[in-house]
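Going left to right, the sequence shown walks through residues 9 to 674 as our numbering numbers them.
The beta-carbon is built from N, C-alpha and C at its ideal position, and this holds for glycine as well.
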Amino acid sequence: MLVYVRGVFDLYHSGHATFLQRAYNSGIEIANEVVDGTTNVRLFVHLISDRMCETIRRSLCIPEAERRFVVENNEHVWMARVASDYEADLSGDLEIIRPDVVYVINDNTDNMRNIQSVCKRLNITVVLGKRTQLPGIACRRVRSIKKLIHDQKQRPVSGSNGASSQTATTPIRAVNGSSAHPGCFQEQYGNRIDRTDAAADAIRTHQPDTRPNQPALQRPIVYVSGCFDLLHSGHVAFFNEAASRGQSLYVGLGNDANLAQLKSGSVFPEEERLLLVESIKSVTMATVSRGFGDLDFAQDLDVIKPDVFFVNEDGDRPHKRALCTKKGIEYIVSSRKPQAQLPPRSSTDLKRELSNYATEPSIPHPHADMAQNEVSSENTLREDASHTHSTAPPAAGDCVRLHDFPWRICLTGGWLDQPWVSQVVKDTYAQSVRTKIGTELPGCGVIVVNIKANAAFKTRSSLATSSRRTALELWGGYDNLPKEQTREHLARLLFGAENPPGCEYVSGSQDHLGLLLPGLSWLGYRGGYWPEHIHSLCDADTCVWLQSVLWLVPLVSRDREYKPLAVQNLTVEAVTALADASVAAWKAIEDRDTARLGQALKDTMYAQRCILPNTIPTPEVEEWTGPYVDTTHGYICGHGGGFLFVISDTQVLNGFQVEITTSEGL
9 MLVYVRGVFD LYHSGHATFL QRAYNSGIEI ANEVVDGTTN VRLFVHLISD
59 RMCETIRRSL CIPEAERRFV VENNEHVWMA RVASDYEADL SGDLEIIRPD
109 VVYVINDNTD NMRNIQSVCK RLNITVVLGK RTQLPGIACR RVRSIKKLIH
159 DQKQRPVSGS NGASSQTATT PIRAVNGSSA HPGCFQEQYG NRIDRTDAAA
209 DAIRTHQPDT RPNQPALQRP IVYVSGCFDL LHSGHVAFFN EAASRGQSLY
259 VGLGNDANLA QLKSGSVFPE EERLLLVESI KSVTMATVSR GFGDLDFAQD
309 LDVIKPDVFF VNEDGDRPHK RALCTKKGIE YIVSSRKPQA QLPPRSSTDL
359 KRELSNYATE PSIPHPHADM AQNEVSSENT LREDASHTHS TAPPAAGDCV
409 RLHDFPWRIC LTGGWLDQPW VSQVVKDTYA QSVRTKIGTE LPGCGVIVVN
459 IKANAAFKTR SSLATSSRRT ALELWGGYDN LPKEQTREHL ARLLFGAENP
509 PGCEYVSGSQ DHLGLLLPGL SWLGYRGGYW PEHIHSLCDA DTCVWLQSVL
559 WLVPLVSRDR EYKPLAVQNL TVEAVTALAD ASVAAWKAIE DRDTARLGQA
609 LKDTMYAQRC ILPNTIPTPE VEEWTGPYVD TTHGYICGHG GGFLFVISDT
659 QVLNGFQVEI TTSEGL
């Protein structure tokens with residue numbers, strides 16, 4: 009019985025472990041039903057490659073080699089391989105592998121229906137996993153894990169996550185523990201797979217892992233102790249090495265209360281850490297130690313009576329050695345060595361890396377296929393985002409210093425802060441426009457919004473990141489801004505610092521004002537680099553309403569070769585439409601009218617596309633906006649990519665929300 013699953017499995021967590029267990033159990037249930045209880049089940053995991061994740065616009069925390077190593081060491085996994093590029097197509101993938109069962113999360117999308125259609129054609133049973141509560145375990149997303157790490161006030165909590173399964177309407181076909189299909193499988197070649205019939209025979213005859221649910225400890229018993237928070241490849245390699253020193257490996261985990269005293273707590277609570285450690289093949293048994301201090305495991309030694317105490321050099325302590333000597337336990341110190349060809353890992357470094365990285369959530373892609381059916385919502389490309397493993401490090405002073413300075417969204421009117429744009433219609437907008445509540449809106453308006461940091465922010469994404477970097481170089485952080493000077497004056501200084509005399513391209517002042525003025529602001533331009541009028545709204549009611557209807561959907565960052573000014577079409581009609589859209593947007597915000605605000609954003613994007621066609625990539629924009637045409641009030645694409653800004657009263661596909669500042673402080 010060959011069970012097939014496919015996914016990213018980034019930053020291995022309890023949802024992954026539960027998903028793999030459910031997938032394995034689905035094979036047992038089917039095999040028991042059709043062959044009198046025999047459970048010759050093999051769980052095959054196809055991991056989405058780093059390159060494919062980049063193609064489907066999902067960034068990663070952990071590269072493919074490490075993801076594969078950790079998943080392959082899960083107790084239920086028989087084999088894990090990284091899918092090569094030509095295996096991106098699900099139909100071709102399944103025709104090659106010919107599993108008996110495909111286990112996926114049921115998300116009721118067109119992609120799910122495509123999976124069922126392919127499996128029906130190939131006579132493959134589909135088992136639909138359903139996200140259900142797993143008692144005592146918190147629901148995990150990579151994004152939420154990173155937030156836990158960043159937020160020092162948030163401590164481990166219990167909750168629920170998991171996947172239970174129910175058989176889909178696709179009929180279960182008779183199976184006998186081996187494939188009824190003679191089709192070839194694939195032979196391992198490094199991290200990739202090659203197609204050979206010989207490999208198919210080898211894979212089909214390979215005996216599955218039959219580790220019992222209630223393992224018995226056989227001597228010699230090896231004991232290890234630790235926190236094992238954020239389980240990673242270094243932990244798994246450590247377990248494997250320890251297990252090689254005996255017949256049984258017993259793991260004692262530090263309890264939450266003790267860890268809070270010794271090392272300011274853990275990211276995951278003890279129940280979740282226990283679940284993850286127990287999911288590793290080389291671990292025979294694990295429990296939570298109930299002692300306190302550096303020797304919290306002392307009572308465990310009296311009960312288990314291990315033959316070997318195994319510790320890495322970082323955890324070697326004289327009092328540990330003395331305790332083991334007193335109890336007649338062999339004390340072995342291992343040098344911390346990563347698995348061959350994998351980078352060194354430590355939980356401390358991983359937490360620091362995840363805390364600093366900006367995330368780059370993703371949107372559906374035509375080749376995503378079953379990537380969106382991994383265990384929990386953070387791994388479902390339909391719903392999330394998360395995570396960052398990029399070949400290029402975050403820009404210095406930008407994403408790494410995520411919370412040191414506000415960020416800026418240009419809601420409407422982008423490019424009107426350039427004189428060569430606003431001067432086209434400056435006479436038309438010589439008089440102010442008055443709103444219903446009496447607000448005067450003079451000039452060609454650019455509406456900017458000052459927002460707090462979000463882990464999804466990234467460079468080259470229409471968030472004024474270059475201007476923000478300059479601000480950090482000038483002042484070092486938001487808290488260091490001179491209190492005796494107005495924000496507008498500081499914005500002028502920032503504008504001058506980023507645009508020294510003789511620079512080829514002048515960065516528009518809406519970037520600098522948007523970074524320094526709290527709330528949302530109307531910047532009225534009439535043919536100059538600096539607005540003739542500035543009007544800001546910082547009241548809580550307006551800001552809370554706007555942030556409740558504004559959604560950011562991550563897109564691919566704009567190309568480094570992005571040249572927005574290469575093609576220009578500065579007609580009076582187009583620039584007028586751009587300026588009119590800002591007036592409509594401001595009035596809609598005052599009236600709390602989401603429909604009109606959404607339409608104003610769409611009008612802005614279409615006007616910008618007419619004036620500077622290169623700012624709105626074609627045909628990518630049709631793909632980006634497609635899911636939101638009929639389901640939201642409107643949207644605008646960041647110049648060259650980065651984010652789609654969507655207006656909607658309800659949650660949008662892959663969208664997240666931001667917090668608007670309401671005062672001069674973070």
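- In this structure, the straight-line span from the alpha carbon of Asp108 to that of Asn40 is close to 14 Å.
- Here the alpha carbons of Leu410 and Glu37 stand approximately 48 Å from one another.
- Put simply, of Glu540, Trp594 and Trp423 the residue whose alpha carbon is nearest the alpha carbon of Ala615 is Trp423.
- Contact between Phe318 and Ala245 is ruled out by a C-beta separation of about 13 Å, above the 8 Å threshold.
- Here the C-alpha atom of His497 lies approximately 24 Å from the C-alpha atom of Gln431.
- Rounded to the nearest whole angstrom, the CA to CA distance from Gln226 to Val296 is 20 Å.
- The way I'd put it, the region 652 to 659 does touch the region 603 to 612; three or more beta-carbon pairs between them come closer than 8 Å.
- Under the 10 Å beta carbon count, Lys138 is surrounded by fewer than 16 other beta carbons and is classified as exposed.
- In the displayed model, Thr133 falls within a strand according to three-state DSSP.
- The Cβ atoms of His54 and Ile132 do not sit closer than 9 Å to each other.
- When DSSP states are grouped into helix, strand and coil, Asn266 belongs to the helix group.
- Under the 10 Å beta carbon count, Tyr513 is surrounded by fewer than 16 other beta carbons and is classified as exposed.
- Taking 8 Å as the upper bound for CB-CB distance, Leu283 and Phe77 are not in contact here, some 19 Å apart.
- With fewer than three CB-CB distances shorter than 8 Å, the region 625 to 643 does not count as touching the region 584 to 593.
- DSSP links Asn82 through a beta bridge to Ile288.
- In the structure shown, the three-state DSSP call for Phe651 is strand.
- Assigned with DSSP and collapsed to three states, Gly484 falls in coil, not helix or strand.
- DSSP places Glu628 within a helical segment (H, G or I) once states are collapsed to three.
- As computed with DSSP, His541 is found in a beta bridge with Gly532.
- Minimum Cα-Cα distance from Val583 among the listed residues Trp530, Arg534, Val135 and Gln555 corresponds to Arg534.
- Straight across, the Cα-Cα distance linking Pro314 with Ala268 is about 27 Å.
- 9 Å or more divides the Cβ of Gly484 from the Cβ of Arg416.
- The region 21 to 61 contains, as complete beta strand (DSSP E) runs of 3+ residues, the segments 50 to 55 (chain order).
- Under the three-state reduction of DSSP, Thr640 is assigned to coil, being neither helix nor strand.
- Looking from the CA of Phe17, the closest CA among Asn81, Trp428, Asp588 and Glu581 belongs to Asn81.
- Taking C-beta atoms under 8 Å as the contact rule, Ser475 and Asp519 qualify, at a distance of about 4 Å.
- Around the beta carbon of Trp530, 16 or more other beta carbons sit within 10 angstroms, so the residue counts as buried.
- As the crow flies, the alpha-carbon of Arg253 is around 14 Å from that of Val259.
- According to the DSSP assignment, Leu471 belongs to no beta strand (DSSP E), since it is labelled neither H nor E.
- Distance from the Cα of Tyr537 is smallest, within the candidate group Pro427, Ser22 and Glu667, for Pro427.
- In its chain, beyond the 5 residues on either side, Gln665, Val666, Glu667 and Ile668 have a beta carbon closer than 7 Å to the beta carbon of Gln555.
- In this structure, DSSP gives Arg329 a helical state, which the three-state scheme calls helix.
- Rounded to whole angstroms, the Cβ separation of Leu309 and Tyr231 is 7 Å, and the two are in contact under 8 Å.
- Glu630 is not a Cβ neighbour of His541, given a cutoff of 9 Å.
- If the five residues before and after Gln29 are omitted, its C-beta is found closer than 7 Å to the C-beta atoms of His84, all from its own chain and listed in chain order.
- By the Cβ-count criterion, Asp549 is exposed, with fewer than 16 other Cβ atoms from all chains shown falling within 10 Å of its own Cβ.
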